[in-house]
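Engineer:
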Ligand SMILES: [Zn+2]
């Protein structure tokens with residue numbers, strides 16, 4: 437009998453989410469627990485083993501039922517070698533994570549970065565369901581991205597594909613954390629929206645002492661504040677320029693937008709669709725829908741499970 441379940445694991449700076457997931461995407465049992473990155477990767481592997489045993493008990497399953505393990509990491513990775521090169525938030529460097537977890541769990545292990553797996557999760561079970569090719573963009577303090585082509589993550593040669601936040605679209609623009617100027621994330625993130633709002637003299641409607649937030653800018657724009665509307669439409673313009681650059685290259689059928697800014701709903705996506713159809717080639721824009729992510733914080737875990745299933749099937 438073929439193995440019935442995989443373990444999908446999403447490692448965040450604060451919490452780990454892990455779940456036993458069936459081949460149809462059904463979550464059979466799940467758990468969230470503190471990452472405790474300071475204890476080191478060996479302790480992480482031991483804790484994961486312990487949590488897996490508990491999940492199996494809860495689900496009435498056994499280790500022999502587990503086909504493989506997929507792990508999403510907030511890190512620069514060498515996927516073919518199974519190595520974490522650098523995980524800034526975890527303070528881990530040069531960790532042979534696949535060997536460590538494989539030795540501890542005695543199961544096949546596959547890794548990818550968290551943004552790629554969030555993209556894979558959305559394409560498998562979320563807003564990008566049935567997409568053949570999708571670009572997923574996360575708008576938060578920065579801009580993250582993932583590319584899924586024909587149902588699989590596209591990683592590139594050094595696992596850097598999808599870093600769309602660092603496309604330089606305004607070379608005379610602001611200095612980015614990466615050392616380049618005018619990157620998309622300096623123009624179209626929550627951070628950029630707040631920075632430009634403050635520069636435009638916007639004040640939080642929640643009170644003069646409250647620091648301006650990205651939500652405030654949306655709210656001010658909605659209530660008719662012209663300066664806020666300008667800040668917002670400028671941000672959306674640059675976002676459309678960035679997305680059209682990638683879309684003209686990949687010609688995807690779906691763009692999934694996730695992250696905190698998506699809470700604004702159609703106030704973001706409505707004008708974004710209009711700007712995108714202006715910025716991208718007509719035939720590219722016509723073939724591409726822009727949708728809000730649906731899985732929230734579960735996207736990475738489900739994407740890790742999908743990766744585990746793909747890995748198990750390829751090894752079978
Ligand atoms: Zn950059």
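Residue numbers (the working numbering): 437 to 752.
From the three backbone atoms N, C-alpha and C, an ideal C-beta is built for every residue, glycine too.
Quick caveat: nothing in here was measured; it's all calculated off a predicted structure.
1) I want to check one thing, is the minimum distance from the CB of residue 604 to the heavy atoms of ligand 2 below 8 Å?
2) Run the proximity test for residue 622: is its beta-carbon closer than 8 Å to any non-hydrogen atom belonging to ligand 1?
3) Under the rule that 16 or more other beta-carbon atoms within 10 Å means buried, what is residue 610, buried or exposed?
4) Between the region 624-641 and the region 650-660, can you find at least three pairs of beta-carbon atoms closer than 8 Å?
5) Taking the continuous alpha helix (DSSP H) assigned at residue 665, which residues delimit it?
6) Rounded to a whole number of angstroms, what is the C-alpha to C-alpha distance between residue 721 and residue 465?
7) Suppose contacts are defined by Cβ-Cβ distances below 9 Å. Is residue 738 in contact with residue 575 by that definition?
8) Mind checking whether the beta-carbon of residue 581 lies closer than 8 Å to any heavy atom of ligand 1?
9) Kindly give me the distance between the Cβ atoms of residue 704 and residue 698, rounded to whole angstroms, as I take these residues to be in contact under 8 Å.
10) Using a Cβ-Cβ cut-off of 6 Å (strictly less than) and excluding sequence neighbours within five positions of residue 682, which residues of its own chain qualify?
11) Have a look at residue 554 and residue 530 and give me their C-alpha separation to the nearest angstrom.
12) Under a Cβ-count criterion, where at least 16 other Cβ atoms within 10 Å of its own Cβ denotes burial, should residue 643 be classed as buried or exposed?
13) Residues in the same chain with beta-carbon distance under 7 Å from residue 816, minus the five sequence neighbours each way, listed in chain order, please.
14) In three-state terms, what does DSSP make of residue 511?
15) Checking the sheet assignment: what are the DSSP bridge partners for residue 690?
16) Cutting at 8 Å between CB atoms, please list the residues of its own chain near residue 535, excluding the five before and the five after it.
17) Sorted by chain position, which residues of the same chain lie with C-beta nearer than 6 Å to residue 839's C-beta, five sequence neighbours on each side aside?
Structural biologist: Short version:
1) For ligand 2, the structure offers nothing, since it holds only ligand 1.
2) The residue you call residue 622 lines up with position 186 of the chain shown. For ligand 1, at least one heavy atom lies less than 8 Å from the Cβ of residue 622.
3) Indexing the chain shown from 1 puts residue 610 at position 174. Flag for residue 610 reads exposed.
4) yes
5) Position 229 of the chain shown, counting from 1, holds the residue named residue 665. Its alpha helix (DSSP H) spans residues 662-686.
6) In the chain shown, the residue the question calls residue 721 occupies position 285. In the chain shown, the residue the question calls residue 465 occupies position 29. Roughly 40 Å separates the two Cα atoms.
7) Taking the chain shown and counting its residues from 1, one reaches residue 738 at position 302. Taking the chain shown and counting its residues from 1, one reaches residue 575 at position 139. Cβ distance not < 9 Å, so residue 738 and residue 575 don't count as in contact.
8) The sequence position of residue 581 within the chain shown is 145, counting from 1. Checking the Cβ of residue 581 against ligand 1 gives no.
9) Counting from one through the chain shown, the residue named residue 704 turns up at place 268. Counting from one through the chain shown, the residue named residue 698 turns up at place 262. About 7 Å separates the two Cβ atoms, so the contact holds.
10) In the chain shown, residue 682 corresponds to position 246, counting from 1. Only 571, 600 meet the Cβ criterion.
11) Taking the chain shown and counting its residues from 1, the one referred to as residue 554 is at position 118. Taking the chain shown and counting its residues from 1, the one referred to as residue 530 is at position 94. Those two C-alpha atoms are separated by around 23 Å.
12) For the purposes of this step, residue 643 is taken as the residue at position 207 of the chain shown. Its Cβ having fewer than 16 others within 10 Å, residue 643 is exposed.
13) As shown, the chain starts at 437 and ends at 752. That puts residue 816 outside it, with no answer to give.
14) Position 75 of the chain shown holds residue 511. Correct three-state label for residue 511: coil.
15) For the purposes of this step, residue 690 is taken as residue 254 along the chain shown, with counting starting at 1. DSSP, once it has assigned bridges, lists 570, 725 as partnering residue 690.
16) Translated into the one-based positions of the chain shown, residue 535 becomes position 99. So the qualifying residues of the chain are 518.
17) Residue 839 lies beyond the range of the chain shown here (437 to 752); nothing can be said about it.
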